[in-house]
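Enquirer: Quick one: structure below, then a few questions.
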Amino acid sequence: MSFATCCSDLEKLVAKPDRENGLGLLCVINKRGTRFILEYRRDWKVPVADAAIQIAYCPYCGSKLQLVT
């Protein structure tokens, strides 16, 4: 599954394995539901975020984030 990106600015935030540092958007799916996490990492090869916050809306255009099946 993936989620719909509503704008090109959000598309740039989607976490990619080759990213070196900065902000990234992760989609976490578990038994409690789906969560979207905006993270900052100095090094994306290390599996620990330096800071993170759960979001429900796009920080650029305000659209509600949702999964696409």
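The opening residue of the sequence shown carries number 50 in my numbering; numbering runs sequentially from there. All residues carry an ideal CB built from backbone N, CA and C; glycine is no exception.
Who pairs with residue 106 in a beta bridge, going by DSSP?
Expert: 113, per the DSSP bridge assignment.
Enquirer: Tell me, which residues are paired with residue 79 by DSSP?
Expert: Residue 79 pairs with 82.
Enquirer: So which of 80, 53, 108 and 102 has the shortest CA-CA distance to residue 90?
Expert: Closest by alpha carbon: 102.
Enquirer: Taking only three categories from DSSP, how would you classify residue 60?
Expert: If DSSP states are grouped into helix, strand and coil, residue 60 belongs with the helices.
Enquirer: Below 8 Å, how does it come out for the segment 74-88 and the segment 101-116: are there three or more Cβ pairs, yes or no?
Expert: Judged by Cβ distances under 8 Å, the segment 74-88 makes contact with the segment 101-116, as three or more pairs qualify.
Enquirer: Under 9 Å, do residue 93 and residue 69 count as touching if we go by C-beta distance?
Expert: Yes, these two residues count as a Cβ contact at 9 Å.
Enquirer: Quick one: grab the DSSP three-state call for residue 101.
Expert: Strand, per DSSP.
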